Every structure is written in C-alpha cells, then in structure tokens.
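Residue numbers (the working numbering): 72 to 362. Note that the Cβ used here is the ideal one computed from N, Cα and C, for glycine as well. Source: prediction; values computed, not measured.
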C-alpha cells in the first residue's frame, strides 16, 4: 500500500494508528475528521469531498469516526451507524474500489457467556447502546458491501492500552489518577473485578495494516490478545510501573450493572488469514505508559 486515508484521525485509536504507521511503514497518511471539514452526518456534498480527499491513488481507508459516549440510543445511532452508512453510500457513488477497514467493537458481542473466547461467529448480544449501534453499523456495512460491490473489512477491536486513552475509559482513568497522585498517596477507582482482553496500541495498529493488505473482503475479524486479565491486576501493574506506592480505594457506581464482567476474544482468524501476531506483552505495554 502507498496511501491510506484515516477518517476519525483525532480519536485515541486514530492517533495510535497514525504513530505506528509513520514508524513502521512507508505509507503516505492522509487524515480527515469533522474538525477539519469532513462531516459524515449528511450525504449532502459528501461524495465530492471524499473524491477530493482520495484522489486517484488512495489504496485504503480506515474508518474510525464515531462516539462511545452519548446520552441516548438515537444519539449513538447518529454518531456511529449513520456515519458508517453515509460513508459507504458516498464511496459507492464515486465508485471507490480500494479497501475500507471499519473499526467495530467488542461491545457488539455483549456478555456472550455461551462461548468464551468469543469468535466472529458468536451470536452478538450487545448489552450497551454503544454496542447496539456498532453492531448495526457492522451489519449495514456488510450489507452495503454486497449491494454496492465495496471492499469492506470490519475489525472488531477489543480493549487496548494506549497513551492516548481517554479519562472516561478504564486505562485512561487509571493513568490520570496515578499521574496526579502523590508518591505515597491513594487513588479511588470503580469495581476492579471485571476481566478484559487487552492489546497494546501498536499491536492494534499492526492489525489494521494487516487487515488492509491481507484480509478477505466482507469479513469480520477480532482484534484481540485471546487472553483475559482482571482490571485489578492491570491497576496493580500500572501502579508498580509508575514507581509510586499507592493505596487503592474502591467504590461502585450506578453504571456497574451495565459493565460486561468478562471479555476475551479468539484471534485465530486474524492470525490465519493475515499472518498478524501479538508482539508487545502487557507488562511492556504498561511500562510504555510511564516513559
């Protein structure tokens, strides 16, 4: 690949992917987001804007635009599902034939207790409004790919560790609290019993590159470590890596009942079809946060 357009480049996934591609590939990266004029919420003029951005030499598009924090289900639909369908409709209008890798989410699976680790064929049972909207986006993307002859791949991304992680997410919240705490202080966090499948941001970015060049079209791929770790162990590792001696105080919010208690994905399809493999250990990933 020579040129990639990243849509939704200002989010923490976009930033992590851009960093990795600049260090590890020779691809020319073009970025677009709502902040610099690309509005996916309306089809009005969208095809022309995309045509200008893509030119004649863009091999692939990464679609990261969306939101994981909205007040209502309709807002989640508007900021996730609708953005995806509008993008694909506009790309079909200009007869774009490059690959389109869409960022899905493990939230589409929900609890999925009947099959652990979850495979791409596991029945999706989203527990949150965000998961519902992302599942709708995935289903719409694959349907439009078939109807419009678009080369679409969906990356169902599980949780990952990133220096760009937002404070409203567990890793970002832990990092902010640890950095702001006194060396011998204390931090207060939510319930830590949940288990998560965690990858390093670089392994996630490498997975997108592998999917862009080697995956089979019209397929869903789990982007995950295939291992599960408790958030209690994650926080302990983060505190140790920080060099601080911190006490941890627990509280439980009203949102706890909406939290998925156990998440672990199966990445065998990703590895088999693309040759991707996990490179960064969780200890190394956490250590990077404090460098």
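Residue from the options with nearest C-alpha to residue i
| i | options | result |
| --- | --- | --- |
| residue 164 | 186, 189, 119 | 119 |
| residue 143 | 310, 113, 203 | 203 |
| residue 161 | 279, 220, 333 | 220 |
| residue 311 | 223, 255, 77 | 255 |
| residue 357 | 82, 313, 349 | 313 |
| residue 80 | 211, 173, 238, 180 | 173 |
| residue 93 | 333, 317, 276 | 276 |
| residue 270 | 192, 289, 349, 303 | 349 |
| residue 240 | 215, 280, 302 | 302 |
| residue 124 | 114, 105, 101, 130 | 101 |
| residue 288 | 359, 88, 222, 304 | 222 |
| residue 126 | 304, 167, 282 | 167 |
Spatial distance of residue i from residue j (CA atoms)
| i | j | result |
| --- | --- | --- |
| residue 75 | residue 169 | 10 Å |
| residue 103 | residue 249 | 33 Å |
| residue 339 | residue 274 | 15 Å |
| residue 128 | residue 158 | 18 Å |
| residue 253 | residue 217 | 55 Å |
| residue 315 | residue 272 | 24 Å |
| residue 145 | residue 259 | 33 Å |
| residue 353 | residue 116 | 44 Å |
| residue 171 | residue 266 | 31 Å |
| residue 294 | residue 85 | 15 Å |
| residue 208 | residue 149 | 10 Å |
| residue 91 | residue 97 | 11 Å |
| residue 213 | residue 83 | 25 Å |
| residue 215 | residue 108 | 25 Å |
| residue 199 | residue 193 | 17 Å |
| residue 362 | residue 114 | 43 Å |
Cut-off 7 Å between Cβ atoms - residues of its own chain near residue i, not counting five sequence neighbours on either side
| i | result |
| --- | --- |
| residue 366 | An answer regarding residue 366 cannot be provided, because it is not within the stretch 72 to 362 covered by the chain. |
| residue 284 | 72 |
| residue 247 | 238 |
| residue 286 | 224, 292, 344, 345 |
| residue 121 | 161, 162, 165 |
| residue 205 | 151, 175, 176, 178, 179 |
| residue 211 | 152, 155, 156 |
| residue 330 | 265 |
| residue 278 | 226, 294, 341, 347 |
| residue 251 | none |
DSSP state of residue i mapped onto helix, strand, coil
| i | result |
| --- | --- |
| residue 254 | coil |
| residue 288 | coil |
| residue 187 | coil |
| residue 310 | helix |
| residue 358 | helix |
| residue 316 | coil |
| residue 231 | strand |
| residue 353 | helix |
| residue 82 | coil |
| residue 193 | coil |
| residue 165 | coil |
| residue 303 | helix |
| residue 74 | strand |
| residue 264 | coil |
| residue 322 | coil |
Contacts around residue i, its chain only, beta-carbon distance under 6 Å, and the 5 residues preceding and following it disregarded
| i | result |
| --- | --- |
| residue 346 | none |
| residue 139 | 201 |
| residue 242 | 232, 236 |
| residue 78 | 103, 134, 136 |
| residue 299 | 266, 268, 335 |
| residue 190 | 337 |
| residue 332 | 265 |
| residue 364 | In the structure displayed, the chain extends from 72 to 362; residue 364 sits before or after that span and is not available. |
| residue 99 | 74 |
Contacts around residue i, its chain only, beta-carbon distance under 8 Å, and the 5 residues preceding and following it disregarded
| i | result |
| --- | --- |
| residue 196 | 180, 181, 182, 183 |
| residue 306 | 245, 260, 263, 319 |
| residue 321 | 259, 260, 261, 262, 263 |
| residue 281 | 341, 345, 346, 347 |
| residue 257 | 317, 318, 319, 320 |
C-beta neighbour in chain D for residue i, strict 8 Å
| i | result |
| --- | --- |
| residue 94 | Among the chains of the structure shown, chain D does not appear; only one protein chain is present. |
Residue i beta carbon near the ligand COA (any heavy atom closer than 7 Å)
| i | result |
| --- | --- |
| residue 106 | In the structure on display, the ligand COA does not appear, and there are no ligands present to speak of. |
field: Minimum length 4: unbroken alpha helix (DSSP H) runs contained in the region 91–156
entry: 117–125, 144–147
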